[in-house]
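Novice: Residue 201 in numbering that gives the first Met the number 0 sits at position 202 of the sequence shown; the count goes up by one each step and never skips. One structure, pasted below without further comment.
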Amino acid sequence: MSVTASTQVGIVGAGPAGLLLSHLLALRGIDSIVVENRSRAYCEARQRAGLLEAGTVELLRAVGLGDRMDAEGLEHGGIYLQFAGERHHIDFRDLTGGRWVTIYAQTEIVKDLIRARLAAGAQLEFEVSDTEVAELDTDHPVLRFTDAGGTRHEVSCEAIAGCDGFHGICRDSLPPGLVQVAERSYPYSWLGILATVPPSTDELIYSRHEDGFALHTMRTPQVSRLYLQVPADEDIARWPDDRIWDELRHRLGVPGWELKEGPIAEKAISPMRSFVASPMRYRRLFLAGDAAHIVPPTGAKGLNLAIGDVTALAAALTDLLGQANPDPANAYSDTCLRRVWRATHFSWWMTSMLHVDPHPDPFEAELQLAQLRYVIASRAAATTLAENYTGYFPPHWP
Ligand code: FAD
Ligand code: DHB
C-alpha cells in the first residue's frame with residue numbers, strides 16, 4: 000500500500016542543486032517535494048567544494064540566501080600560481096574588470112538552504128529509500144519512495160528534477176540509448192584534508208611541483224583546506240598525518256614562506272573524472288548538477304555548474320508549468336551544456352597544466368612549464384584563466 004499525493008515538481012536529491020531548485024521554484028509560487036536518501040546531519044557535514052564564482056555569489060544574494068555568506072565568506076581577488084620554485088600572483092580584479100571569487104563552503108550553503116526550506120514549510124524528506132521515477136513517457140511522471148518511517152509514497156508530478164548526484168538513479172532512468180556520454184579519467188586522485196589551523200596564505204596557492212600538484216585553500220580564518228595529488232588508486236592508510244604535512248611543505252614551499260600545521264580534522268581521497276551526459280532532459284525529467292556531469296576539481300567548477308543548471312531549470316519550469324510555454328524547457332539541455340563544456344574544458348586545462356603524469360614524460364612536462372610561463376607573462380593568457388575561474392557564463396535569474 001502506498002500513500003498517494005501530487006505536487007508540481009518532484010526533486011530527487013538534497014544536495015546544493017536539489018535544495019536550491021526547490022527554493023527558486025518556491026519564489027515563483029511552484030510547489031515541490033525534495034527526497035534525499037541520506038540524513039540531514041550527513042548532508043550538512045559532507046565535505047566538498049568551497050569556492051563560489053562571482054555570479055554564484057550574486058545569485059545567492061538575489062534570492063535571499065546571502066546573509067551568512069556575506070558575513071562569513073572570504074572574498075578573493077586572485078590566486079597564486081606556483082611552479083619551478085616560484086610563486087606568481089594572478090590578479091582577477093585587474094584582469095576581468097572587478098570580478099572575484101568567494102570562499103564559502105558547500106556545507107554552509109547546504110545548511111542555509113535546508114534552514115530556509117524548512118522555515119518556509121517545504122516538503123523535505125530525509126533518509127528515504129528505494130527512490131524510483133516512473134511514467135516518464137507521460138506529462139505526469141511519478142516519484143516513488145519509502146520514507147524514514149517505512150511508509151511507501153507515490154507522488155504524481157508535473158515534472159521531475161534528477162538532482163541526485165553522480166551515483167543517483169535518475170540518469171539511468173532515461174530511456175536506453177537516449178543518453179550519450181563523453182568522459183575522461185585521469186591517472187591521479189586528490190587527497191584532501193581539513194585542518195584546524197589558520198591558512199598560511201591570503202589567497203589560494205595552486206602549485207605544480209615535479210613530485211605532484213598541491214593546493215592550499217581555506218574554509219574560514221581558523222580552518223585550512225589542502226589537497227595533494229596522489230596516485231589514482233591510492234590507499235589513505237598510506238598517508239599518516241605527518242607524511243601529509245611533510246609532502247605539503249615540500250610541494251608548496253618557497254623561500255621565506257612557512258606552512259602552518261595543525262590537527263587534521265578530516266582526510267579523504269577523491270578520484271578525478273570528466274563526464275558529460277547529454278541530453279540533460281527526457282520529456283518532463285530533467286537532470287541537473289553532478290547527475291548530468293562531473294569535472295575534475297582543479298578550478299572548482301562542480302558546485303558552480305550545479306547552481307547554474309538549477310537556475311536555468313527553475314526559470315524553464317516556471318514557464319512550462321506556469322504559462323504552458325515549453326520553449327525554455329526545450330532549450331534547457333543545450334543552454335546548460337554550453338556552460339558545462341566551457342567548464343569541462345577549463346577544468347581539464349587546469350588539471351593537465353598542473354598535475355604530474357605518473358609515467359614521466361619530458362615533452363609533457365616542458366609543455367606544462369611553457370604554458371605556465373605564458374599564463375603569468377601574457378595578459379591575454381592570464382585573462383583567459385581569470386575570466387573562466389571567476390565564471391565565464393554567470394547564472395541568470397530573471
Ligand atoms: P550532490 O551534492 O552529489 O547531491 C546529490 C544528492 O542526491 C546527495 O545528497 C545524495 O545523497 C542524493 N541522492 C543520491 N541518490 C539518491 C536517491 N536514489 N534518492 C534520493 N537521494 C539521492 N567541487 C568543487 O568545485 N570543488 C571541490 O573541492 C570539490 N570536491 C568534491 C569532493 C567530492 C568527494 C565530491 C563527490 C565532489 C566534489 N566537488 C567539488 C564537486 C561538488 O561538490 C559537486 O559538483 C556538487 O556537490 C554537486 O551538487 P549536486 O547537488 O548536483 O550533487
Ligand atoms: C577548492 C577546491 C578546488 O578544487 C579549487 O580549485 C579551489 C578551491 C576548495 O575546496 O576550496
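We treat Cβ as the ideally placed atom computed from N, Cα and C, and that holds for glycine.
For the ligand DHB, is there any heavy atom lying closer than 8 Å to the beta carbon of Met0?
Specialist: The residue labelled residue 0 in the question sits at position 1 within the sequence shown. Result no, Cβ not under 8 Å from the ligand DHB.
Novice: Check this for me: beta carbons of Leu203 and Leu214, under 9 Å apart or not?
Specialist: Residue mapping note: residue 203 aligns to position 204 of the sequence shown, counting from 1. Residue mapping note: residue 214 aligns to position 215 of the sequence shown, counting from 1. For Leu203 and Leu214, yes; Cβs fall inside 9 Å.
Novice: Go to Trp244, then tell me how far its alpha helix (DSSP H) extends in each direction, as first and last residue.
Specialist: Counted from its first residue, the sequence shown places residue 244 at position 245. Its alpha helix (DSSP H) spans residues 240 to 251.
Novice: With DSSP run on the structure shown, which of helix, strand or coil describes Tyr79?
Specialist: One-based indexing of the sequence shown puts residue 79 at position 80. Residue state, collapsed to three classes: strand.
Novice: Closer than 7 Å by C-beta to Ala299: which residues in its own chain qualify, once you throw out the five before and the five after it? Chain order, please.
Specialist: Here residue 299 refers to the residue found at position 300 when the sequence shown is read from its first residue. Within the same chain, Ala299 has close Cβ partners Ala48, Leu50.
Novice: For a test of the three-state rule: what should DSSP assign to Met349, helix, strand or coil?
Specialist: The residue labelled residue 349 in the question sits at position 350 within the sequence shown. The answer is helix: DSSP assigns Met349 an H, G or I state.
Novice: Going by CA-CA distance only, name the one from Val154, Asp136, Glu43 that's closest to Gly144.
Specialist: Taking the sequence shown and counting its residues from 1, one reaches residue 144 at position 145. The identity of residue 144 in the sequence shown is Phe, whereas the question assumes Gly. Closest by alpha carbon: Val154.
Novice: Can you give me the C-alpha to C-alpha distance between Leu142 and Gly9, rounded to a whole angstrom?
Specialist: In the sequence shown, residue 142 corresponds to position 143, counting from 1. In the sequence shown, residue 9 corresponds to position 10, counting from 1. So the alpha carbons of these two residues sit roughly 6 Å apart.
Novice: Contact defined as beta carbons within less than 8 Å: I believe Leu320 pairs with Glu157. What is the distance between those atoms, to the nearest angstrom?
Specialist: Here residue 320 is taken as the residue at index 321 of the sequence shown, counted from 1. Here residue 157 is taken as the residue at index 158 of the sequence shown, counted from 1. That pair is a contact at about 5 Å.
Novice: Quick one: which unbroken alpha helix (DSSP H) runs of 4-plus residues sit fully inside the segment 360 to 391? Chain order, please.
Specialist: If we require 4 residues or more, the alpha helix (DSSP H) runs fully inside the segment 360 to 391 come out as 361 to 376, 378 to 388.
Novice: Mapping the DSSP letters down to three states, classify Val178 as helix, strand or coil.
Specialist: On the sequence shown, residue 178 is found 179 positions in, with the first residue counted as 1. Of the three classes helix, strand and coil, the one that applies to Val178 here is coil, per DSSP.
Novice: Can the beta-carbon of Lys259 be found less than 9 Å from the beta-carbon of Ser223?
Specialist: Taking the sequence shown and counting its residues from 1, one reaches residue 259 at position 260. Taking the sequence shown and counting its residues from 1, one reaches residue 223 at position 224. Taking 9 Å as the Cβ cut-off, Lys259 and Ser223 qualify as a contacting pair.
Novice: Let me know the secondary structure DSSP gives Phe274 once reduced to three states.
Specialist: Taking the sequence shown and counting its residues from 1, one reaches residue 274 at position 275. In this structure, Phe274 counts as strand in the three-state DSSP scheme.
Novice: Which of the three DSSP states, helix, strand or coil, is assigned to Val355?
Specialist: Here residue 355 refers to the residue found at position 356 of the sequence shown. Coil, per DSSP.
Novice: Indicate, with yes or no, if the ligand GTP has a heavy atom lying under 8 Å from the CB of Glu153.
Specialist: Among the ligands in the structure shown, the ligand GTP does not appear; only the ligand FAD and the ligand DHB can be found there.
Novice: Check whether the segment 355 to 369 and the segment 24 to 41 are in contact - that is, three or more C-beta pairs closer than 8 Å.
Specialist: Segments in contact, no.
Novice: When you compare only the Cα positions, how much space is there between Leu336 and Gly12?
Specialist: Start at 1 with the first residue of the sequence shown, and residue 336 comes out as number 337. Start at 1 with the first residue of the sequence shown, and residue 12 comes out as number 13. For Leu336 and Gly12, the distance between alpha carbons rounds to 21 Å.
Novice: Confirm, please, whether the CB-CB distance from Leu190 to Ile108 is below 9 Å.
Specialist: One-based indexing of the sequence shown puts residue 108 at position 109. One-based indexing of the sequence shown puts residue 190 at position 191. Not closer than 9 Å, so no.
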